[in-house]
Amino acid sequence: MDPLDSVINAVASQAQLSVNVINAVASPAQLSDKVINAVASPAQLLDNVIESVVSPKPPVEKPVRYCLICGDKSSGCHYGALTCEGCKKFFCRAYDKEYQCRYKTPCAITPKTRNDCKACRLKKCREVGMHKQSQPPKPANNRPQPIDTLQQSLLPAINNVSLQPANNRQQPIDTIQQSLEPANDSQQPFNPTQKEKFEFAWITQHIHQFHLPTYGYSNERMMMMTIKDVELKTNTETLQHFINEIDSDIKSFIPFTRNVPILNDISSEDKIILLKRHAFSIYLVRSAPAFTDCGFLLKNGGIIAWEKFHKLFYGGLGIKMKSFATAIELMHFSEAELGVFLMLIMLQPILMKDVVKTGFDNVFMLIENYALISRTLYYKLSTRDQEDRLFDRIQGLLEQVNTINNLHNQTLDLIKKNLICFSVPRLFSEIFGVPRTVLDEEVAEHIRRIKESQEYLKSRGLLNIL
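Position 39 of the sequence shown, counting from 1, maps to 39 under full-length UniProt numbering, and the rest follow consecutively.
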């Protein structure tokens, strides 16, 4: 019996999956410890004391704090949140108003772009806890506050701030549907300038140029495939095929991340963090054409029957993957649009708790690039769909693929529990956090010959005699 069969049949309960998810999320206490530890270590404090004794006393500098809305320098706590003067005045004028986002996508709010979209700026003000009823703080005395007091006052705001688009977090269905509905007739349509159109075309052209050579399911490659059945007798062999397929796809995708110009300002370390977060999502989008009526189509033309596929991606994961692939096919993406959509997935902003956990560096560059890619994709889709029905589906696709990306952990757990059965390549190991294992070629060949001998003896009725 295949060693994986017993594991696959014993599917984890929903309660256990919930526990795994809850344990994987950083608690406020853990986040608080990380923030407090980042303020100043004892060694740093000691160095400061020594320098103040040896050298003339420098002027006392106030600690720099940043606006929770746009990231500019903060002038204090206004209406219940740490903000700059610009966002303070904006909220004072706009707190009771309702705006519509002209771009129909979560906009990046930075010091440079905060005046571009009032709707998203006001939405972020409300998210971090700003409200008109808050009284202005009393004039502060000159005595510095203890570190513990500062951390306690800032921690709620840090936990609430969202550097990720608001719609990426779980919301009631009604709220999500309202956010995806077309805007009112009074809303100004998205009408980019000629310069912006050239920029969108330039971005799309370069993404297409560097992505197409890495794409295993391009139209040209699909036409050249020779379809054939794959003889995989056990679940172990089938899962090993998928490990190799995913590893190969990620390996071919990496040169694209190195060469595409829009990622030039993002460091290699940050690119690795983004790739680790979205590797399976990227693979799933790129392999959408592989979900055929007959089964899953490997890049070498082999077909894996759906029965075997669903045994590996169990617990509804396989069904969700197939449903998502169908939704991608219904978008009728061109190969250029598909590349832009992949970039949108990879550049999704990161929550503050994950920024602290992963050590991601250039957060503002990430959200600026995300906003630029969002507008590029909106413009590209609007050229063939003036009613914006296609772009309205994008947010739903992002939510779907993010959910599947998280559920993929159960397949990784299956591999970890049966490491002795697999050969895990180095890149797959680094991206998904699975310990690397290598099956010696000589040992593997020896095992293969033993199996062949057993099959031969069994066919001759000699196995029981021996």
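Backbone N, C-alpha and C fix where the C-beta goes; we use that ideal spot for every residue, glycine too.
(Q) Taking its Cβ as the centre, do 16 or more other Cβ atoms sit within 10 Å of arginine 384, making it buried, or is it exposed? (A) Exposure of arginine 384 is indicated by the presence of fewer than 16 other C-beta atoms within 10 angstroms of its C-beta.
Q: Report yes or no: do the segment 220-230 and the segment 293-305 share at least 3 C-beta pairs separated by less than 8 Å?
A: Contact between the segment 220-230 and the segment 293-305 is present, because at least three Cβ pairs lie under 8 Å.
Q) Can the beta-carbon of alanine 336 be found closer than 9 Å to that of threonine 204? A) At a Cβ-Cβ threshold of 9 Å, alanine 336 and threonine 204 count as neighbours.
Q. Going along the chain, which unbroken runs of the beta strand (DSSP E) with 3 or more residues stay wholly within the UniProt domain "Nuclear receptor" (64-137)?
A. Contiguous beta strand (DSSP E) elements confined to the UniProt domain "Nuclear receptor" (64-137) occur at 76-78, 81-83, taking only those with 3 or more residues.
Q | valine 424, DSSP secondary structure in three states | A | DSSP places valine 424 in the strand class (E or B) of the three-state scheme.
Q: State the beta-bridge partners of lysine 228 as determined by DSSP.
A: Secondary-structure assignment with DSSP links lysine 228 through a beta bridge to Gly302.
Q) Bridge partners of threonine 437, per DSSP? A) Threonine 437 is bridged to Val424.
Q. Can you check whether the CB of glutamine 400 is closer than 9 Å to the CB of residue 511?
A. The structure shown has nothing for residue 511, since the chain only spans 1 to 466.
(Q) Am I right that proline 106 and cysteine 120 are in contact with their C-beta atoms under 8 Å? What's the rounded C-beta distance? (A) Yes, they are in contact, since the Cβ atoms of proline 106 and cysteine 120 sit about 6 Å apart, within 8 Å.
Q. Hey, serine 423 and glutamine 240 are a contact pair by Cβ (cut 8 Å); roughly how many whole angstroms apart?
A. With a Cβ gap of about 7 Å, serine 423 and glutamine 240 count as contacting.
Q: Could you name the residues of the same chain whose beta carbon sits closer than 6 Å to that of lysine 89, not counting the 5 residues immediately before and after it, in chain order?
A: Correct list: empty, nothing qualifies.
Q. So which of Lys357, Asn362, Ala290, Leu330 has the shortest CA-CA distance to serine 267?
A. From the listed residues Lys357, Asn362, Ala290, Leu330, the smallest Cα separation to serine 267 is found for Asn362.
(Q) Are the CB atoms of isoleucine 367 and alanine 81 within a distance shorter than 9 Å? (A) It is not a contact, given that the beta carbons lie outside the stated cut-off.
Q: Return helix, strand or coil for glutamate 61, following the three-state DSSP convention.
A: At glutamate 61, the pLDDT of 43 sits below 50, so the modelled position is not reliable and the matter cannot be decided from this model.
Q | DSSP state of phenylalanine 296 mapped onto helix, strand, coil | A | Strand at phenylalanine 296.
(Q) So leucine 344 and leucine 317 are supposed to be a Cβ contact under 8 Å. How far apart are they, rounded? (A) So it is not a contact: roughly 23 Å between Cβ atoms.
Q. How close, in whole Å, do the beta carbons of methionine 331 and leucine 390 come, if the pair is a contact with beta carbons under 8 Å?
A. Confirmed, about 6 Å.
Q. With 16 other CB atoms within 10 Å as the buried threshold, where does arginine 286 fall?
A. Under this definition arginine 286 is a buried residue.
**Q.** With 16 other Cβ atoms within 10 Å as the buried cut-off, status of threonine 175
**A.** Interpretation of threonine 175 is limited by its pLDDT of 37, a score under 50 that renders its predicted location unreliable; no figure is taken from the coordinates.
Q. When we look at the beta-carbon of serine 459 and count the other beta-carbons within 10 Å, is it buried (16 or more) or exposed?
A. Its Cβ having fewer than 16 others within 10 Å, serine 459 is exposed.
Q) Looking at isoleucine 246 and phenylalanine 280, is the spacing between their C-beta atoms short of 9 Å? A) In this structure, isoleucine 246 lies closer than 9 Å to phenylalanine 280 by Cβ.
Q) Mind checking proline 425: buried by the 16 CB within 10 Å criterion, or exposed? A) With 16 or more Cβ atoms within 10 Å of its Cβ, proline 425 is classed as buried.
Q: Count the other C-beta atoms from every protein chain shown that fall within 10 angstroms of the C-beta of lysine 57, then say buried if there are 16 or more, exposed otherwise.
A: Summary for lysine 57: the model assigns pLDDT 42, below 50, so the residue's position carries little reliability, and this model does not support an answer.
(Q) On the CB-based measure, 16 or more other CB atoms within 10 Å of its CB, does asparagine 235 come out buried or exposed? (A) If you draw a 10 Å sphere on the C-beta of asparagine 235, you find 16 or more other C-beta atoms in it, and that means buried.
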